[in-house]
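Those protein sequences? They're chains U and Y, same order as listed. Counting from 1, one number per residue, gives the positions in the first sequence under the working numbering. Counting from 94, one number per residue, gives the positions in the second sequence under the working numbering. Below: one structure, written as structure tokens.
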Amino acid sequence: MSDIDIKRISYLAKLKLPSEKEEFYSQSLEDIIQWVDNLKKIDTSNVKPLHNVTEATVSIRNDNIEKNNTPEDVLKNSPERAQNFFKVPKVVE
Amino acid sequence: MPKRQPISSLVNSLKEKKISVHELFDQFHKVAKENKNNSYNLVLDPDYQKSNIEASQERYSAGTNLPLDGIPLGIKDLFCTKGITTTASSKILSNFIPQYESFVTQQLLNDGAIFIGKNNCDEFAMGSSNETSHFGPVVNPWQNKNNPSEKLVPGGSSGGSAAAVAEGSCVASMGTDTGGSIRQPASLCGLVGLKPTFGSCSRWGIVAFASSLDQAGPITNCVEDAAYILNSISKHDFNDSTSSNYQRDDYIKDIDKKLDHKIKIGIPSDYLKNVTPEITAQIENTKKSLAGHDIEFIDVAFETTDYALSTYYIIAPAEASSNLARYDGIRYGVREEGSNLDDIYLNSRTSGFGDEVTRRILIGTYVLSAGYYDAYYRQAQKVRRLIKDDFQRVFQEVDFILTPTTPNEAFKIGEKLDPIAMYMNDVFTVPTSLAGLPGISLPSGLSSNGLPLGVQIIGNYFEEKKLLQLSNLIEKELSFNE
Numbered sequence: 001m002s003d004i005d006i007k008r009i010s011y012l013a014k015l016k017l018p019s020e021k022e023e024f025y026s027q028s029l030e031d032i033i034q035w036v037d038n039l040k041k042i043d044t045s046n047v048k049p050l051h052n053v054t055e056a057t058v059s060i061r062n063d064n065i066e067k068n069n070t071p072e073d074v075l076k077n078s079p080e081r082a083q084n085f086f087k088v089p090k091v092v093e
Numbered sequence: 094m095p096k097r098q099p100i101s102s103l104v105n106s107l108k109e110k111k112i113s114v115h116e117l118f119d120q121f122h123k124v125a126k127e128n129k130n131n132s133y134n135l136v137l138d139p140d141y142q143k144s145n146i147e148a149s150q151e152r153y154s155a156g157t158n159l160p161l162d163g164i165p166l167g168i169k170d171l172f173c174t175k176g177i178t179t180t181a182s183s184k185i186l187s188n189f190i191p192q193y194e195s196f197v198t199q200q201l202l203n204d205g206a207i208f209i210g211k212n213n214c215d216e217f218a219m220g221s222s223n224e225t226s227h228f229g230p231v232v233n234p235w236q237n238k239n240n241p242s243e244k245l246v247p248g249g250s251s252g253g254s255a256a257a258v259a260e261g262s263c264v265a266s267m268g269t270d271t272g273g274s275i276r277q278p279a280s281l282c283g284l285v286g287l288k289p290t291f292g293s294c295s296r297w298g299i300v301a302f303a304s305s306l307d308q309a310g311p312i313t314n315c316v317e318d319a320a321y322i323l324n325s326i327s328k329h330d331f332n333d334s335t336s337s338n339y340q341r342d343d344y345i346k347d348i349d350k351k352l353d354h355k356i357k358i359g360i361p362s363d364y365l366k367n368v369t370p371e372i373t374a375q376i377e378n379t380k381k382s383l384a385g386h387d388i389e390f391i392d393v394a395f396e397t398t399d400y401a402l403s404t405y406y407i408i409a410p411a412e413a414s415s416n417l418a419r420y421d422g423i424r425y426g427v428r429e430e431g432s433n434l435d436d437i438y439l440n441s442r443t444s445g446f447g448d449e450v451t452r453r454i455l456i457g458t459y460v461l462s463a464g465y466y467d468a469y470y471r472q473a474q475k476v477r478r479l480i481k482d483d484f485q486r487v488f489q490e491v492d493f494i495l496t497p498t499t500p501n502e503a504f505k506i507g508e509k510l511d512p513i514a515m516y517m518n519d520v521f522t523v524p525t526s527l528a529g530l531p532g533i534s535l536p537s538g539l540s541s542n543g544l545p546l547g548v549q550i551i552g553n554y555f556e557e558k559k560l561l562q563l564s565n566l567i568e569k570e571l572s573f574n575e
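Rendered as structure tokens:
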């Protein structure tokens, strides 16, 4: 048995793994985490994390309003809608 | 595989009225419609493209044709195409019709290209064999001459794009590359695959996998075609904050120009440590083919190669788990029923994602979760800097780096079941991706089974022009197309 808490991880990821697949994913996760564990050997105490390789090129634009779509466009792919809203089950009592 | 006409000669035939735009489209559409290798999720028919075909023909008649006018292209089903279903080969997006066009595909349309259809790919571009697609695996058009009945993978994730170009159902196809997804399938299908520098081509409208790595690029029959496509798609875009605003070159101009000074190409010994003699032979052949030119080959060694895959398989899933949080069955995509909001999320996501995507979301969630973030995710980002610095150190000595593209030829569908064995396919392409450098895969020869193998040339940041010039020279010298 792996010591990764697969129930907690899948809860955080908003996934409901079928119970017969929990062991499969948990073993797979364990294998991969063990495989990437070699990174721990490297001394990085003086290294800054790299978030974006093109660090110098981030461009900033003016935050102007552009009308590129209509509410109808935005709602066209909604599984369920009510007028100009996405419809979901009741969330407040 | 038959020799294919490059874009430049197709444009000339269209100009000289040897063929009409309609006839050219039909010729490719006929092969695409058969879809015998499952390389398309969707094929657009001539009726759908009627107005585009007519407009293109009119421009030719008026002598005002655009750079890619009338050229039939495949588009990986990861690019949002306005009004055309875009699925990322996932069940959860199987009903998604974008209301806007991705930046890259818009540039191709602006230049007159006509889309043949949407190419199959690994689900959300996660895979190296195109076997994770919800719509089934793609078959490599190449056959093992010692076992012709075996069905082989085309590589992935842009496997449908590569198979489509190789089978002759489109002139070129747009792919995306996160850790090798353009270069690896190009190599396994005997084609040219270019991953430009990160920041060259806007990610706007491309279904996101790992945003610090994803980059669009072409899969083509020849280097010159890659230059044609790059000219069209490499532009600054304000809608992608990582899009670079550096001055782009004309990648076609002077592509045939002779080297006017000595260049140095580094060959990393650490890449060749564990490869088969057949793979080493690709590097040797390439070296030999360039013997008549003023090129010096230098042995170089990276210090970080052994850590690249681990770094990648922390960073890419971490970014994927965040990017894929948007698929919740509420605003678009497939919704599964549930008695409350949370159930809708859980049911839609669980049923909408396949095994590999689920696995990567779980890895990503784990490495980002409290208690593990510093040990895994932050450590990987630090090692990523070491990998980038390692490349910059080597680039002080050499102008280009030459490596194999893949450690093996195309393998059998269903052969690699272990995820880690699958991840090893990208061992030579992942370091370039982590560093954000441009890389191109070129066909370099055939294996003893008669299957294509490729070499990768890596250039420094935004040096695509020089990279394409060298690649064009290598292509000519290797005469693979003869």
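Note that CB positions come from ideal geometry on N, CA and C, so glycine has one too.
Please list, in chain order, the residues of the region 171–193 of chain Y that have any C-beta partner in chain U closer than 9 Å. Taken in chain order, the members of the region 171–193 of chain Y whose beta-carbon sits within less than 9 Å of a beta-carbon on chain U are Asn188, Phe189, Ile190, Pro191, Gln192 and Tyr193.
Hey, quick one: how far does the beta strand (DSSP E) through Ser305 of chain Y stretch, first residue to last? Numbered from its first residue, the second sequence carries residue 305 of chain Y at position 212. It is not in any beta strand (DSSP E) - Ser305 of chain Y carries neither H nor E in the DSSP assignment.
Name, please, each residue of chain U whose Cβ falls closer than 8 Å to the Cβ of Phe291 of chain Y. Taking the second sequence and counting its residues from 1, one reaches residue 291 of chain Y at position 198. Neighbours of Phe291 of chain Y on chain U, chain order: Val53 and Thr54.
To the nearest whole angstrom, what separates the beta carbons of Leu161 of chain Y and Tyr321 of chain Y, a pair I think is in contact under 8 Å? Within the second sequence, the letter at position 68 stands for residue 161 of chain Y. Within the second sequence, the letter at position 228 stands for residue 321 of chain Y. Contact holds; Cβ gap of about 7 Å.
If the criterion is Cβ atoms closer than 8 Å, does the pair Glu412 of chain Y and Ser336 of chain Y meet it? Taking the first residue of the second sequence as position 1, residue 412 of chain Y is located at position 319. Taking the first residue of the second sequence as position 1, residue 336 of chain Y is located at position 243. Contact: no.
State whether the region 491–508 of chain Y contacts the region 359–368 of chain Y, with contact taken as three or more CB pairs (one from each stretch) at a distance under 8 Å. Three or more Cβ pairs drawn from the region 491–508 of chain Y and the region 359–368 of chain Y lie within less than 8 Å of each other, which places the two stretches in contact.
Buried or exposed for Val285 of chain Y, please, with buried defined as at least 16 other CB atoms from any protein chain shown within 10 angstroms of its CB. Taking the first residue of the second sequence as 1, we reach residue 285 of chain Y at position 192. Its Cβ being crowded by 16 or more others within 10 Å, Val285 of chain Y is buried.
In the DSSP assignment, find the unbroken beta strand (DSSP E) run with Gly167 of chain Y in it and report its ends. Here residue 167 of chain Y refers to the residue found at position 74 when the second sequence is read from its first residue. From DSSP, the beta strand (DSSP E) with Gly167 of chain Y extends over Pro165 to Lys169.
Do Ile423 of chain Y and Asn77 of chain U come within 8 Å of each other at the CB atom, strictly closer than that value? Taking the first sequence and counting its residues from 1, one reaches residue 77 of chain U at position 77. Taking the second sequence and counting its residues from 1, one reaches residue 423 of chain Y at position 330. No, the Cβ-Cβ distance between Asn77 of chain U and Ile423 of chain Y is not below 8 Å.
Could you give the residue range of the alpha helix (DSSP H) that holds Asp318 of chain Y? Residue 318 of chain Y sits at position 225 when you count from the first residue of the second sequence. Asp318 of chain Y -> alpha helix (DSSP H) spans Val316 to Ile326.
Looking at the unbroken alpha helix (DSSP H) that takes in Pro524 of chain Y, where does it start and where does it end? Here the question's residue 524 of chain Y lines up with position 431 in the second sequence. Start and end: Val523 to Ala528.
Endpoints, the beta strand (DSSP E) within which Leu546 of chain Y is located: Here residue 546 of chain Y refers to the residue found at position 453 of the second sequence. Pro545 to Ile551 is the span of the beta strand (DSSP E), which, as asked, contains Leu546 of chain Y.
For my contact list, Gly426 of chain Y and Ile185 of chain Y are in at a C-beta cut-off of 8 Å; report their separation, rounded to the angstrom. Within the second sequence, residue 426 of chain Y is the residue found at index 333, counting from 1. Within the second sequence, residue 185 of chain Y is the residue found at index 92, counting from 1. 5 Å between Cβ atoms; contact.
Excluding the five sequence neighbours on either side, which residues of its own chain have a C-beta within less than 6 Å of the C-beta of Ser414 of chain Y, listed in chain order? Counted from its first residue, the second sequence places residue 414 of chain Y at position 321. The residues are Ile454, Gly457 and Thr458.
Could you give the distance in angstroms between the alpha-carbon of Asn52 of chain U and the alpha-carbon of Tyr11 of chain U? Here residue 52 of chain U is taken as the residue at index 52 of the first sequence, counted from 1. Here residue 11 of chain U is taken as the residue at index 11 of the first sequence, counted from 1. Straight-line Cα distance between these residues: approximately 29 Å.
Compare the Cα-Cα distances from Glu20 of chain U to each of U:Lys14, U:Ile6, U:Ile60 and U:Ile32 and report the closest residue. Against the first sequence, residue 20 of chain U aligns to sequence position 20. Cα-wise, what sits closest to Glu20 of chain U is U:Ile6.
Return the CA-CA distance between Ile177 of chain Y and Thr157 of chain Y, expressed in angstroms with no decimal places. Counted from its first residue, the second sequence places residue 177 of chain Y at position 84. Counted from its first residue, the second sequence places residue 157 of chain Y at position 64. C-alpha separation (whole angstroms): 28 Å.
Rounded Cβ spacing between Phe217 of chain Y and Val450 of chain Y (contact assumed at less than 8 Å): As a first step, residue 217 of chain Y is located in the second sequence; it is residue number 124 there, counting from the start. As a first step, residue 450 of chain Y is located in the second sequence; it is residue number 357 there, counting from the start. With a Cβ gap of about 5 Å, Phe217 of chain Y and Val450 of chain Y count as contacting.
At least one CB of chain Y closer than 8 Å to the CB of Ile9 of chain U: is that the case? Counted from its first residue, the first sequence places residue 9 of chain U at position 9. Closer than 8 Å to some Cβ of chain Y, the Cβ of Ile9 of chain U qualifies, so yes.
Would you decide whether Asp435 of chain Y is buried or exposed? Buried here means 16 or more other CB atoms lie within 10 Å of its CB. Stepping through the second sequence from its first residue, residue 435 of chain Y is reached at position 342. It is exposed - the Cβ of Asp435 of chain Y has fewer than 16 other Cβ atoms within 10 Å.
Distance between Ala473 of chain Y and Ala528 of chain Y (C-alpha atoms, nearest Å): By 1-based counting over the second sequence, the position of residue 528 of chain Y is 435. By 1-based counting over the second sequence, the position of residue 473 of chain Y is 380. When the Cα atoms are used, Ala528 of chain Y and Ala473 of chain Y turn out to be separated by approximately 13 Å.
Is the beta carbon of Lys169 of chain Y closer than 8 Å to that of Asn212 of chain Y? Looking up residue 212 of chain Y in the second sequence gives position 119. Looking up residue 169 of chain Y in the second sequence gives position 76. The answer is yes: Cβ separation under 8 Å.
When you compare the CB of Val476 of chain Y with every CB in chain U, is at least one pair closer than 8 Å? As a working note, residue 476 of chain Y is residue 383 in the second sequence. Chain U places a beta carbon closer than 8 Å to that of Val476 of chain Y, counting this residue as a contact.
Opening and closing residue of the beta strand (DSSP E) in which Leu281 of chain Y lies: Here residue 281 of chain Y corresponds to residue number 188 of the second sequence, with the count starting at 1. It is not in any beta strand (DSSP E) - Leu281 of chain Y instead sits in the alpha helix (DSSP H) that spans Arg276 to Leu281.
Nearest to Gly538 of chain Y by CA position, among Y:Thr271, Y:Ser572 and Y:Ala514, is which residue? On the second sequence, position 445 is the one that residue 538 of chain Y refers to. Per the Cα distances, Y:Ser572.
Measuring only the C-alpha atoms, how far is Gln199 of chain Y from Asn38 of chain U? One-based indexing of the second sequence puts residue 199 of chain Y at position 106. One-based indexing of the first sequence puts residue 38 of chain U at position 38. Straight-line Cα distance between these residues: approximately 43 Å.
Closer than 8 Å to chain U by CB, Ser327 of chain Y: As a first step, residue 327 of chain Y must be located in the second sequence, where it is residue number 234. No, because no Cβ of chain U sits closer than 8 Å to the Cβ of Ser327 of chain Y.
Suppose you measure from the CA of Asp342 of chain Y to the CA of Asp349 of chain Y; what does that come to, to the nearest Å? As a working mapping, residue 342 of chain Y is identified with position 249 in the second sequence. As a working mapping, residue 349 of chain Y is identified with position 256 in the second sequence. The straight-line gap from Cα to Cα measures roughly 15 Å.
Nonlocal neighbours in the same chain, by C-beta distance under 8 Å from Asp333 of chain Y, ignoring five residues either side: The count along the second sequence starts at 1 and reaches residue 333 of chain Y at position 240. If the five residues before and after Asp333 of chain Y are omitted, its C-beta is found closer than 8 Å to the C-beta atoms of Phe196, Ser295, Arg296 and Trp297, all from its own chain and listed in chain order.
What is the DSSP secondary structure of Tyr443 of chain Y, reduced to helix, strand or coil? As a working mapping, residue 443 of chain Y is identified with position 350 in the second sequence. It should be noted that the sequence gives Thr, not Tyr, for residue 443 of chain Y. Residue state for Thr443 of chain Y is assigned as helix, using DSSP reduced to three classes.
Note down, in chain order, each residue of its chain lying with its Cβ closer than 7 Å to the Cβ of Asn565 of chain Y, except the 5 sequence neighbours on either side. What you label residue 565 of chain Y is simply residue 472 of the second sequence in a count that begins at 1. Same-chain partners within the cutoff: Val316, Glu317, Ile348 and Asp349.
Cutoff 7 Å; reference Gly283 of chain Y; Cβ partners in own chain excluding five residues on either side: Mapped onto the second sequence, residue 283 of chain Y falls at position 190. So the qualifying residues of the chain are Met94, Trp235, Ala259, Pro536 and Pro545.
Can you find at least 3 beta carbon pairs, one from the region 357–366 of chain Y and one from the region 217–226 of chain Y, that sit closer than 8 Å? In the pairwise beta carbon analysis, the region 357–366 of chain Y is classified as not touching the region 217–226 of chain Y: fewer than three pairs are separated by under 8 Å.
Proximal residues, the region 419–435 of chain Y versus chain C, C-beta separation under 9 Å: You won't find chain C in this structure, because its protein chains are U and Y.
Three-state class that DSSP yields for Met219 of chain Y in the structure shown: Taking the first residue of the second sequence as 1, we reach residue 219 of chain Y at position 126. In this structure, Met219 of chain Y counts as coil in the three-state DSSP scheme.
Quick one: does Phe85 of chain U have its CB under 8 Å from some CB of chain Y? Position 85 of the first sequence, counted from the first residue, corresponds to residue 85 of chain U. Closer than 8 Å: no.
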